[in-house]
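Position 55, counted from 1, in the sequence shown is what full-length UniProt numbering calls 55; the numbers after and before it change by one each time, with no gaps. Ideal Cβ placement from N, Cα and C applies to all residues, glycine included. Working notes, structure below.
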Amino acid sequence: MKSGRHFLQIPGPTNTPERVHRAMHRSVIDHRGPDFATLGAGLLEDLKAVFKTESRVVIYPASGTGAWEAALVNTLAPGDRVLMYETGQFATLWKNMAAKLGFDPVFMQGDWRSGANAEAIGAQLREDKAHAVKAVCVVHNDTATGVTSDIAAVRRAMDEAGHPALLIVDTISSLGSIDFRMDEWGVDVTVAGSQKGLMLPPGLSFNAISDKAMAAAEANGTRRSYWDWRDMVGPNASGFFPYTPATTLLYGLREALDMLAEEGLENVFARHARHAEATRRAVAAWGLEILCRNPAEYSNALTAVLMPDEKGADALRKTILDGFDMSLGTGLNKVADKVFRIGHLGDFNDLMLMGTLCGVEMGLNRAGVAYQPGGAQAAMDYLAANDLP
Ligand SMILES: Cc1ncc(COP(=O)(O)O)c(C=O)c1O
1 MKSGRHFLQI
11 PGPTNTPERV
21 HRAMHRSVID
31 HRGPDFATLG
41 AGLLEDLKAV
51 FKTESRVVIY
61 PASGTGAWEA
71 ALVNTLAPGD
81 RVLMYETGQF
91 ATLWKNMAAK
101 LGFDPVFMQG
111 DWRSGANAEA
121 IGAQLREDKA
131 HAVKAVCVVH
141 NDTATGVTSD
151 IAAVRRAMDE
161 AGHPALLIVD
171 TISSLGSIDF
181 RMDEWGVDVT
191 VAGSQKGLML
201 PPGLSFNAIS
211 DKAMAAAEAN
221 GTRRSYWDWR
231 DMVGPNASGF
241 FPYTPATTLL
251 YGLREALDML
261 AEEGLENVFA
271 RHARHAEATR
281 RAVAAWGLEI
291 LCRNPAEYSN
301 ALTAVLMPDE
311 KGADALRKTI
321 LDGFDMSLGT
331 GLNKVADKVF
341 RIGHLGDFND
351 LMLMGTLCGV
361 EMGLNRAGVA
371 YQPGGAQAAM
381 DYLAANDLP
């Protein structure tokens, strides 16, 4: 039994605020009764602001992977070509899913250190004179690499190519942490999850659906059931669901949306940006390298740090977990053992960040990693010089 509190600094699930815990600590109600209708209708309406959309949002009692599948099976038919971009492990898993479901993913190669290359996507689409590509899928913030992609640039490239494919974007680790503008950026389907910027436990996921995507789904005769957007429309109109919703998590979602609105979304993004920059200052002072190559693509939700000689990240994480009771994100797939990931998203403040960075610095020292002391100090200096109003 360890004393004190555990530091959950993986890039999601994130720390759940007390207010959300308390909101969920209540009896389950009748999901076909009037109280539920009020809750459900309010959530479906208020979620739109978080996605920056006027379009419909649907909620699944599922992890993010379910919402990935929903986005694909509603809009595509088996054999349909889909352009996907290799930003990291999550883009890879989504591509694998598309193949398993019988779609035809074209996986544009990336280096796991850069975001989606909009120009290359545009060039590929210009080649596709027959419009065989039905959708372009991009992960806004690849949680495995700490790299964000410029979604507005992808949309511009699609428009300049005059290509009618749908733009489907995974915002599972960006929504509520990094600015995302569904309508302004012309996104057709947005995929999201509860356990990161929305500060909830895992278990809910979302699709926000443009009219164009909804029309594609209406015209898509492919078999689907649990994920079928068409089954949501009727019950959702009065705040209900076609099956039993995750009532308790929805109480938590109500509270989380209220918290985001009270702070103001733009302030939430500024808070994340400041903590991310402080983290990067710490990494630089340690003399370590950030996995993301291009500063314009740095993630404000997490930082993936390369180990000296690109090995030993798992031993370092174990030292930190055993010694200081802090969980950091593991390196996945191509960057396994090469990187550790510091999550700085969700319900987070200056002292939580400093506890996290001190824990990393103490761990680097204890694990005998070649580093320069002074990262935590560099982060503190940055925070002090860049106080938010
Ligand atoms: C960017 C991204 N996409 C998809 C997923 C998969 O979501 P889940 O694990 O909730 O099914 C994750 C999970 O961390 C993620 O970070």
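Item: Three-state class that DSSP yields for L204 in the structure shown; Value: coil
Item: Any non-hydrogen atom of ligand 1 within 7 Å of V139 CB; Value: yes
Item: Top-ranked residue by Cα proximity to M84, from S27, L167, K2 and R5; Value: L167
Item: Per DSSP, cross-strand counterpart(s) of N141; Value: T148
Item: In DSSP terms, what L135 is bridged to; Value: For the sequence presented, residue 135 should be read as Ala rather than Leu. Answer by DSSP bridge pairing, in chain order: V82 and L166.
Item: Distance, R366 Cα to W227 Cα; Value: 48 Å
Item: Boundaries of the beta strand (DSSP E) in which G375 is found, first to last residue; Value: From DSSP, G375 is part of no beta strand (DSSP E) but of the alpha helix (DSSP H) over G375 to A385.
Item: Simplified DSSP assignment, three categories, for I121; Value: helix
Item: Residue range of the unbroken alpha helix (DSSP H) whose run includes F180; Value: Per DSSP, F180 belongs to no alpha helix (DSSP H) and is neither H nor E.
Item: Length of the line joining the Cα atoms of W112 and D179; Value: 22 Å
Item: Three-way DSSP call (helix, strand, coil) for R341 in this model; Value: strand
Item: Neighbourhood of A152 by C-beta distance below 6 Å, restricted to the same chain and skipping five residues each side; Value: W185
Item: Exposure label - T244; buried when at least 16 CB within 10 Å; Value: exposed
Item: Opposing strand residues paired with M214 [DSSP bridges]; Value: In DSSP, M214 forms no bridge with anything.
Item: Sequence-distant residues of its chain with Cβ nearer than 6 Å to S177 (five each side left out); Value: G197, H272, A301 and L345
Item: contact_flag[the region 266-284, the region 366-383] where n(CB pairs < 8 Å) is 3 or more; Value: yes
Item: Separation of L249 from G122, as counted between CA atoms; Value: 40 Å
Item: CB-CB length for T330 against R317, believed under 8 Å; Value: 6 Å
Item: Any non-hydrogen atom of ligand 1 within 7 Å of S173 CB; Value: yes
Item: Terminal residues of the alpha helix (DSSP H) in which I320 lies; Value: A313 to F324
Item: Own chain residues within Cβ distance below 7 Å of D128, not counting five before or after; Value: H163
Item: Proximity of residue 393 and P13 at Cβ, strictly below 8 Å; Value: A question about residue 393 goes unanswered here, because the residues of the chain that appear run from 1 up to 389.
Item: Proximity of V73 and T171 at Cβ, strictly below 8 Å; Value: no
Item: Nearest candidate by alpha-carbon position, reference K311, set N220, P202, L288 and N294; Value: L288
Item: Heavy atom of ligand 1 within 7 Å of W68 beta-carbon; Value: yes
Item: Spatial neighbours of D314 in its chain, beta-carbon cut-off 6 Å, leaving aside the 5 residues before and after; Value: D337
Item: Beta-carbon spacing of T75, A216 below 8 Å; Value: yes
Item: Same chain, Cβ closer than 8 Å to E218, five either side skipped, listed in chain order; Value: R230
Item: G193 CB to nearest heavy atom of ligand 1 below 7 Å; Value: yes
Item: Closest by C-alpha distance to Y60, when choosing among V360, M199 and A192; Value: A192
Item: DSSP three-state assignment for P105, whether helix, strand or coil; Value: strand
Item: Cβ-heavy atom distance, S63 to ligand 1, below 7 Å; Value: yes
Item: Which listed residue (A116, P242 and A77) has its alpha carbon closest to that of F90; Value: A116
Item: Any alpha helix (DSSP H) of 4 or more consecutive residues that is wholly inside the region 16-50; Value: 18-24
Item: Environment of L125 [buried if 16+ CB atoms lie within 10 Å]; Value: buried
Item: Distance cut-off 7 Å: P202 Cβ against heavy atoms of ligand 1; Value: yes
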